[in-house]
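When you line the sequence shown up against full-length UniProt numbering, it's residues 1 to 501, in that order.
Note that the Cβ used here is the ideal one computed from N, Cα and C, for glycine as well.
Note that the structure is a prediction, hence the values are computed from the model and not measured.
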Amino acid sequence: MRNEVPINLFEPYIEEIFNHLRGEPFKKFLESEKYIRFCQWKNLELNIQLTMNDFSVHRIIGRGGFGEVYGCRKADTGKMYAMKCLDKKRIKMKQGETLALNERIMLSLVSTGVDCPFIVCMTYAFHTPDKLCFILDLMNGGDLHYHLSQHGVFNEPEMKFYAAEVILGLEHMHRRFIVYRDLKPANILLDEHGHVRISDLGLACDFSKKKPHASVGTHGYMAPEVLSKGTAYDSSADWFSFGCMLYKLLKGHSPFRQHKTKDKHEIDRMTLTMNVELPEAFSRELRSLLEGLLQRDVNNRLGCHGGGADELKEHPFFSGIDWQQVYLQKYTPPLIPPRGEVNAADAFDIGSFDEEDTKGIKLTDADQDLYKNFPLVISERWQAEVAETVFETINNEADKMENKKKAKQKLRFDADEKGSDCILHGYIKKLGGPFASAWQTRYAKLYPNRLELHPESTTKPELVFLDQVRFENSQKKILSRLHNCCIEPFRVSTLLSLINE
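Written out as structure tokens, the structure is:
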């Protein structure tokens with residue numbers, strides 16, 4: 001019965017609703033106070049220029065080849081994030097400029113549009129004279145490599161939970177033509193509830209226009225086609241790495257790292273030549289899954305027959321899984337990180353960089369010019385941050401201030417016009433500015449022979465605009481030279497409109 005329901009069942013209704021909203025409701029919105037408030041917020045967003053002063057930086061929680069990761073709190077909203085800081089001198093020393101800029105591009109691709117709850121996404125990017133800074137989702141539950149060392153290996157049901165969420169993260173990337181290239185337990189982070197996200201897109205690559213052929217990744221997880229120099233590949237490489245990662249979650253080591261060898265050449269040789277022998281203790285479905293993922297020939301590999309992630313979702317190992325429930329994070333995680341603890345190595349163990357390494361490196365104007373387009377604000381994520389923190393508070397305070405100002409001004413005008421021949425008064429919006437392109441709020445006072453426009457302020461010196469008007473009794477309209485105006489509710493119920501004479 002479920003399969004008989006068309007996937008586009010509600011599309012005609014959705015289209016009809018959108019068509020309706022594009023009409024009169026949207027026109028009314030453009031004339032409302034809500035639209036003005038929206039423009040105020042949008043103006044704030046478009047003028048964001050972040051610096052280190054906008055964040056309170058906490059303890060170090062990780063370190064990579066170019067820099068460190070810290071916990072941080074955004075000062076204006078209180079939102080907690082992870083701040084990944086890359087050292088520009090260290091980048092220059094290692095000739096990593098392309099990698100650093102590529103990471104920013106990949107993060108912007110996966111973070112824009114529909115949010116993926118299974119990827120560590122970016123909200124902001126900015127730079128200082130000596131650092132490149134990524135502001136990322138904070139994952140304070142540690143990584144799967146850390147929990148393997150603390151918890152020990154996982155059983156099949158536990159591994160299945162992590163596998164399902166990682167599949168959806170990879171699917172999100174692959175739909176955007178991104179191959180991740182560095183899938184391993186150390187790059188799978190847990191949030192405070194135990195759900196996982198794929199992190200560190202430093203080696204990710206866009207294959208929409210040209211397939212990559214570089215041999216990059218972590219030995220023991222790299223696919224044979226990645227190890228074969230000069231061979232082009234795409235998302236196929238991630239499914240092989242996925243199989244290696246699942247094997248490690250179950251056995252504690254990569255399938256190609258026998259006897260705890262650290263010889264990278266030996267690990268690569270085994271990846272290219274060895275047929276993985278799976279333990280008899282594995283279930284039949286699990287053995288089938290891993291055999292499909294660890295195929296050296298891309299044409300025989302699970303996930304590489306044109307169906308991508310759907311091929312894995314339909315595999316018998318995942319039978320009974322409701323993938324919509326996985327996406328909504330409704331399944332109970334097998335491991336809940338301890339609350340109130342930092343689930344990462346001690347700051348002392350993480351260590352720090354030796355500044356002597358970069359002592360002789362000088363950053364030139366040309367070096368800094370490489371990063372002129374680095375700053376970025378992901379619009380949807382900034383809006384979500386504001387909405388869940390300070391949006392209501394700031395709006396309520398602004399409304400109170402505006403209402404107080406208007407009430408004060410109305411009392412003043414009421415007193416001024418007591419006994420005068422003023423027909424009515426109230427707020428109007430008028431297109432003004434140098435090019436008559438900005439809506440301005442004015443307090444209008446209509447007399448039998450003129451219209452006065454007063455500024456909103458009641459304390460500053462005023463410049464009052466006067467316009468001659470005349471009445472057309474038959475149509476009960478006021479004709480005026482004033483144009484491009486819309487009237488807000490006045491204190492009388494008679495409907496009046498201002499039109500060109």
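What first and last residue would you give for the beta strand (DSSP E) that runs through residue i?
i             : result
glutamate 225 : Note, glutamate 225: premise wrong, no beta strand (DSSP E); alpha helix (DSSP H) at 224-227.
glycine 67    : 67-74
lysine 210    : No beta strand (DSSP E) contains lysine 210, which DSSP labels as neither H nor E.
By alpha-carbon positions, which one of the options ends up nearest to residue i?
i                 : options                        : result
cysteine 133      : Cys39, Tyr70, His151, Leu451   : Tyr70
isoleucine 361    : Ile423, Asp369, Asp130, Asn187 : Asp130
histidine 253     : Leu278, Lys229, Ser236         : Leu278
isoleucine 188    : Ala223, Val216, Ile119, Arg175 : Ile119
phenylalanine 373 : Ala100, Met245, Asn396, Asp137 : Phenylalanine is not the amino acid found at residue 373; the sequence shown has asparagine there. If we check each option's Cα against that of asparagine 373, Ala100 comes out closest.
leucine 335       : Gly426, Phe207, Gly142, Val377 : Gly142
tryptophan 41     : Phe10, Pro375, Gly62, Asn395   : Asn395
tyrosine 162      : Arg175, Asp357, His174, Leu148 : Leu148
valine 326        : Val166, Lys79, Glu15           : Val166
glycine 426       : Gln440, Leu363, Ala444         : Ala444
Would you call the CB atoms of residue i and residue j closer than 9 angstroms?
i                 : j                 : result
leucine 91        : phenylalanine 126 : Contrary to the premise, residue 91 reads as isoleucine rather than leucine in this sequence. No, these two residues do not count as a Cβ contact at 9 angstroms.
serine 288        : phenylalanine 317 : yes
glycine 306       : phenylalanine 256 : no
leucine 446       : isoleucine 423    : yes
glutamate 385     : lysine 74         : yes
histidine 145     : alanine 186       : yes
glutamate 388     : glycine 113       : no
tyrosine 124      : tryptophan 382    : yes
leucine 249       : phenylalanine 154 : yes
leucine 136       : leucine 109       : no
phenylalanine 282 : glutamate 156     : yes
glutamate 140     : proline 333       : Just to set this straight, residue 140 is asparagine in the shown sequence, not glutamate. Not in contact: asparagine 140 and proline 333 (Cβ atoms no closer than 9 angstroms).
methionine 245    : lysine 160        : no
methionine 122    : leucine 376       : yes
glycine 243       : leucine 168       : no
arginine 442      : lysine 429        : yes
leucine 170       : aspartate 238     : yes
aspartate 76      : valine 390        : yes
Taking only three categories from DSSP, how would you classify residue i?
i                 : result
lysine 27         : helix
serine 56         : strand
glutamine 440     : strand
alanine 82        : strand
alanine 407       : helix
tyrosine 124      : strand
tyrosine 427      : strand
threonine 459     : At threonine 459, the pLDDT of 49 sits below 50, so the modelled position is not reliable; the number obtained from the coordinates is stated separately. Threonine 459 falls in the coil class under three-state DSSP.
leucine 302       : coil
glutamate 15      : helix
isoleucine 36     : helix
lysine 445        : strand
isoleucine 61     : strand
isoleucine 378    : coil
glutamate 452     : strand
phenylalanine 282 : coil
phenylalanine 134 : strand
valine 153        : coil
valine 179        : strand
aspartate 367     : helix
asparagine 8      : coil
aspartate 399     : helix
isoleucine 48     : coil
isoleucine 105    : helix
isoleucine 394    : helix
aspartate 115     : coil
aspartate 297     : coil
aspartate 421     : coil
State the start and end residues of the unbroken alpha helix (DSSP H) segment that holds residue i.
i              : result
cysteine 244   : 236-251
isoleucine 188 : Not the alpha helix (DSSP H): isoleucine 188 falls in the beta strand (DSSP E), residues 188-190.
aspartate 160  : According to the sequence displayed, residue 160 carries lysine and not aspartate. Lysine 160 -> alpha helix (DSSP H) spans 156-175.
valine 196     : Here valine 196 belongs to no alpha helix (DSSP H); instead the beta strand (DSSP E) covers 196-198.
glutamate 266  : 264-273
aspartate 310  : 309-313
tyrosine 327   : 323-327
isoleucine 91  : 88-93
Any beta-carbon of chain D closer than 9 angstroms to the one on residue i?
i             : result
glutamine 325 : As a matter of chain content, chain D is missing from the structure shown, which is built from one protein chain.
- Item | Cβ contact check for the stretch 175-186 and the stretch 195-202: 3 or more pairs under 8 angstroms | Cβ pair count under 8 angstroms is three or more, so yes.
- Query: Can we say the stretch 223-239 touches the stretch 293-309, given the rule of at least three CB pairs closer than 8 angstroms?
  - Reply: The stretch 223-239 makes contact with the stretch 293-309: 3 or more CB pairs, one atom from each, lie closer than 8 angstroms.
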